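Structure first, then comments.
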Amino acid sequence: MKPAPFKYHDPKTLSELVELMSNLEDAKILAGGQSLMPMMNMRYVTPEDVIDINGVNELDFIKLENDHLTIGSMTRQKDILSNQKIFDKAPIFREALNHVGHIQTRSRGTIGGSLCHLDPSAEIPALASLYDASLTVVNREGSREIHIDEWVLAYMMPSISDEEVLTSISIPVWKNPHGYAFIEFARRHGDFAVCGAGTLVEIDANDIISKVAIVVAGVDVKPLRLSTLETDLIGKKATKDTLEYACSSAKKIEAISDVYFSTQYRQRLAGTLIKRSLEVAIERARIINNDG
Amino acid sequence: MADNREITIKVNGKDMTTYVETRLSLGDVLREHFHLTGTHLGCEHGVCGACTVVVDGEPIRSCLMLGVQAHGKEVTTVEGLSKGEDLHPIQEAFWKNHGLQCGYCTPGFLTTLFSFLENNSDPTEREIREAISGNICRCTGYQNIVNAALDAAKVMKGS
Amino acid sequence: MGARFFGADVLRAEDRTLLKGSGQYVDDIRLEGTLHGAFLRSPHAHAIIKSIDTTKAKELDGVHAVYTYDEIEEPLNQPIKQPYPHPLIRKDILGYPLAKEEVCHVGEAIAFIVADTRHIAEDAIPLIEIEFETLEAAVRVREAALPNAPTAHKDSKDNIAAELNIKFGDIEDTFSSADHVLETSFLQHRGGCHAMEGRAILASYNSSLDELTSWSATQCPYLIRRSLAGHFQMPESRIRIISPDVGGGFGPKAGFYAEEIITAFASKKLGKPVKWIEDRQEHFVTTNTQRDSWWDLKIACDNKGRISGVRGKIITDQGAYIPWGLLLAFTSMTPLPGPYKILSMDIDQQVVFTNTVPNTPVRGAGRPNAAYAMERVIETVSRHLKIGSAEIRRRNFVEKKDFPYKTGLIHFNGTPMSYDSGDYHQLLEKALDLADFDNFFERQKQARENGQFLGIGISSCIEDTGNGPYEGVTVRVDTMGKVYVSSGAASQGQGHKTVLTQIVADQLSVNIEDIHVEIGDTSKFPQGVGTVASRVGVNIGTAAFSAANEVREKALNLAADILETDLEDLEIEDGIIRDKSRKNLTISLGEIALKLAPMSGGAVPAGHSASLESTSYQASNGMPHASGSNVCEVEVDIGTGEVKVLNYCVAHDCGKKINPMIVEGQIVGGVVHGIGNALFEEMIYDDGGQPQNTNYGEYLLPLATEMPPIKVIHQETPSPLNPLGLKGAGEGGTIPAAAAIVSAIENALTEFNVVIDRYPVTPEYLCNLIDKENQIEV
Ligand code: FES
Ligand code: FES
């Protein structure tokens, strides 16, 4: 299990990087290496050129301004996990990222890597979807912004060309303190989840849901925002019936299947997890209301 | 045509320079070029954790990092934990708690815990189990490894 | 003086080196000029090789040789020899060192490339041009067993490798007179080896001496030597196999594989050492696994739940070849009665070829299957007659007064299965106490009120350990008083060196630091079997005890002559022999050794024999039977189907323990292996015979986060069969585990009437069982 030969490049700046990208025919970007390296070791992927972007420091940053969180694509998962500013404004990040791999993979794995690899059950794309994030992609000619919904073209396929590089993700975080929960089911700790569900919610003093976002991962080829359900929930009282309603509507999602899990099981799981994440998020929202 | 580079890595406190093919993983470089065979390759696809080494203070999988990427960095391998005949408290605790059987996974557990315990002086059992969840051991059933880590934490905190 | 080290938690002698990272596993060993090998392996489950062209691969810079079947010379171009021949094997099919014409499973070796580095060797693989004609594959074993199924081998008419039967008692009478006849059917899947070090070989042939030395990550170096001698038609004395530090064994690393031949062949051809390190993907598709077995059993019992008879049929997936003969098939049948007194049995087993990786023992071999089957029988009766799961076992156990107890079955070594000693009733009570079983049901009720589903499961088992024929040990004292111990039993982490040291130190009354142990090297000891089947502790323990005792006797006898005292007045302390009453009258073991040493022109004192040493092959006088009762508690999340094992209690009886710390390590590790079998490990093939999960992200080994606290308590009924009272302990954790977990899950889901009919129990499978008869709210 040794990688095939390749030529190694290690640009130090973004401009060097895009220059290289436009000149090389068959290049792969090496970010944290947690997905690409295994595939190269197994020779599933045998690029002629490997462009290591770990030296491009300008891609490694976390910025929070005016309720807008911008994270450079080379920011390590561990840095997001431990960032207090992100935790204060968007605590769901910590809860979700705790499920990502293990300490040895989070210390290398990057947010951009996850967003480009696009495993259907991955947490980071799910968070991006939950927040209606947009991504910035750059090539030699300039840059473009792309909404997360359009970013995922198909199973593990991002909307990016061979000459482009993902530079950052921009996340409009919620202004007010809110309830949140990210719950997932994986066979073992740190495994890719079978299915995960994230919820953000605000409720008013009368326990009425005033704002809500729900995402489910691992059910479709890409993270799914449940916008119809969200609309339905607005104005509803946070009761057991409401949770059941969310659960049963989640069970109707058209789900994928593979050798490990059937459509039917994923739907059942989506129901369970969405209900649970909504329940926890509402409970946390209540605590915030009571404290505030 | 093979793509080669000269790299210098500070391994266990000593600068080591070699000329390597760029496709070699850090694990391969440590083993083949520096003859530090304590770092084991158990899966070469980033799951078993046997190859864990500490790079600039962070535990990483040396099968998923290229040797050239470690150029200019500081690497601690299992060989760097003990000082001469003196075992590191974690190694000592593994010995006393029978935390190893075949020993193949052991270097990865030691390096992972070395870096984890440096940053977490008072871990709970659950935290230790999560910290080592990226390391597979087929022999021990983990229990004695967890006990060893709890013991080592106490010793390290005391010193 | 009593034992000082026997029975104590002596820290392992092996560990310091391993902890410092200076262990020497095969891949760590460096020989000047070593070349590295990689295999081209079959991508097809079943195919004919139409043509193969290695020209381009040979031309690649850094490639030294590419071998295919055609390049393998006489006498090596023969199929691999069956190491365990048996008259019941109908089709004794084993592969060739490299595939001759037909490939019968994905991963079968077709060509071997030797190059300067492993990287280059792998670069050459895609340069080999090869054309296949694919054949229909036999994949699902129950279909493969049918008369008109596609055959796993093109020249076979069917896939039946062997048919076995075991029986005793009057089965017809038992069933016709039974109060109840019940049934249970289930699938067992044991999974693969997954030692953290894969297989590994470094072969070095020295042409001027015509000698082959091979370092191999094997459990059985003597088997490798014997097999290589057969294949190369070379005397065994010219072959040296060393198993250095080995990173786990678990059964599949005990076999003889094609790679042993090919690396040695390449080294001989090229005149250089050749190394092949199995990578993890190869491990999944080439290292033997223990595959599916399907069980259909009928049970005869009375109204009180006393089981009188079991009859039925097993279909076993043999994979593509039969490299271990029928060992696995037999070990899944002969221990079947377990700790229970059963009056009659009649079981058939069909061993069936498929186009999957060959089936051979994994930790416990067939014993975990047999134990699981019997526990299913017990649980079936318990459920049907509504008798508690502890009580039903009490009613069926062999009683203490029954020992030695003959089950009526014959072991595959030809001797009757006879349980030497034990106390199954007391052992169960110990386990129940440890698990706080009596209060569980209150805990369960309370948890249920909070919406949690807790369950408890029991599993009781026996284990035939310490099987023969023997393992040898030499103990020799040198003139400095240092003690050398050598033995044929290689270690893969079980701490053989430590336990040998303990026994010898006690018998010779010397310090542990003065003992030097050599194992796992065929040049250091003439004969050996290997570390499999929980047999080594018993065998080397017994042989070491006897050899050391003989050395002691020899030394004391000579000392008595020299000191002119009575033998009875002498004692040894820290290597010094002295007269008990006249303490200044002493002679050291080293001095005695000098008197017996091979000094030119000297003479062996009259009445004594040469060299202060002894070799013993003394074995246990029959197979000591260990036993265990386990109780585990689980929580099932009915919303996801997840099973959490909350705690796991083991009461175990392996007689006298040489080193309790090591025994406990074996048990805990074994339990976790069993939990892996019950809940996680599954090697999946698609209908075409393509393995689906050849990586550790998808083939799930147990991790620390999912494992429960495991408590172990011991009962000690010494085996009367060997002087130290030993019984084996290496597999006692694994054997009962899956049954305990499965019963606990069923118990948690009692209200859903869930009956589990397969393991591993996956979350989806469990959800389907829950949903089948129930409209539930998650
Ligand atoms: S060898 Fe690197 S994680 Fe297994
Ligand atoms: S001690 Fe053998 S794999 Fe951990």
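Quick note, the sequences are listed as chains A, B and C, same order. Going by the working numbering, the first residue of the first sequence is number 163, and it counts up by one from there. Going by the working numbering, the first residue of the second sequence is number 9, and it counts up by one from there. Going by the working numbering, the first residue of the third sequence is number 87, and it counts up by one from there. Every residue gets a Cβ at the ideal spot worked out from N, C-alpha and C, and that includes glycine. Everything numeric in this text was worked out from a predicted model, so none of it was measured.
It is roughly 7 Å from the alpha-carbon of G217/A to the alpha-carbon of P173/A. Looking at the DSSP output, T84/B sits in a beta bridge with V62/B. Counted as a single uninterrupted DSSP element, the alpha helix (DSSP H) harbouring W103/B occupies residues P97 to K104. When 7 Å is used as the limit between beta carbons, H264/A is near these residues of chain B: S141 and G142, in chain order. For T298/A, the uninterrupted beta strand (DSSP E) segment begins and ends at S296 to N301. Not flagged as an interface residue toward chain A: F102/B, since no C-beta distance is shorter than 8 Å.
Chain-order list of chain C residues neighbouring E52/B: D365 and R366, by C-beta distance under 8 Å. For Q196/A, a Cβ of chain B is located within less than 8 Å of the residue's own Cβ.
Contact check for I273/A against Q239/A passes: the beta carbons are separated by less than 8 Å.
In chain order, C110, Y112 and R146 make up the part of chain B whose C-beta sits under 8 Å from the C-beta of A281/C. Here F527/C is exposed: its Cβ has fewer than 16 other Cβ atoms, across all protein chains shown, within 10 Å. Excluding its 5 nearest sequence neighbours in each direction, E364/A has C-beta neighbours in its own chain below 8 Å: W336, N338, H340, G341, I371, S372, K373, V374 and A447, listed in chain order. Under a criterion of Cβ atoms nearer than 8 Å, the residues of chain A adjacent to A10/B are, in order, P167. Under the DSSP definition of a beta bridge, V218/A lacks any partner. Identification of chain A residues near I770/C by a Cβ-Cβ cut-off of 7 Å yields V421, ordered along the chain. Shown here, G234/A sits in a strand according to DSSP, grouped into three states. Contact residues of the region 25-42 of chain B toward chain A are E29, T30, R31, L32, S33 and D36 (C-beta to C-beta distance below 9 Å).
Just measuring C-alpha positions, the residue of L789/C, G541/C and G567/C sitting nearest I831/C is G541/C. Along the region 53-70 of chain B, going in chain order, the ones with a CB nearer than 7 Å to a CB of chain A are H53, G54, G57, T60, E66, P67, I68 and R69. Annotation: F168/A to V421/A spans about 33 Å, alpha carbon to alpha carbon. Within 10 angstroms of the beta-carbon of S276/A lie 16 or more other beta-carbons, which makes it buried. Flagged as an interface residue toward chain A: H205/C, by a C-beta distance shorter than 8 Å. Counting the other Cβ atoms within 10 Å of the Cβ of N525/C gives fewer than 16, which makes it exposed. For the options L213/C, F370/C, Y182/C and A247/C, the alpha carbon positioned closest to that of F342/C is the one of Y182/C. Beta-bridge partners of K399/C (DSSP): D382/C and D434/C. Partner residues in a beta bridge of V332/C, as assigned by DSSP, do not exist. For V76/B, the nearest beta carbon of chain A is closer than 8 Å to its own beta carbon. Contact check for A737/C and K516/C: beta-carbon distance about 4 Å, within the 8 Å limit, so the pair qualifies. With a cutoff of 8 Å on beta-carbon distance, V225/C and I401/C are scored as not near each other. Against chain C, the beta carbon of K164/A has neighbours under 7 Å at R204, H205 and E208, listed in chain order. With at least 16 other beta carbons inside 10 angstroms of its own, L44/B counts as buried.
Look at S271/C here: in three-state DSSP terms it is strand. The beta carbon of Y111/C falls within 8 Å of a beta carbon belonging to chain B, placing the residue at that interface.
Straight-line measurement puts the Cα of E257/A at about 30 Å from the Cα of A764/C. Between the alpha carbons of T299/C and Y407/C lies a distance of about 28 Å. Annotated three-state conformation of P115/B is helix, per DSSP.
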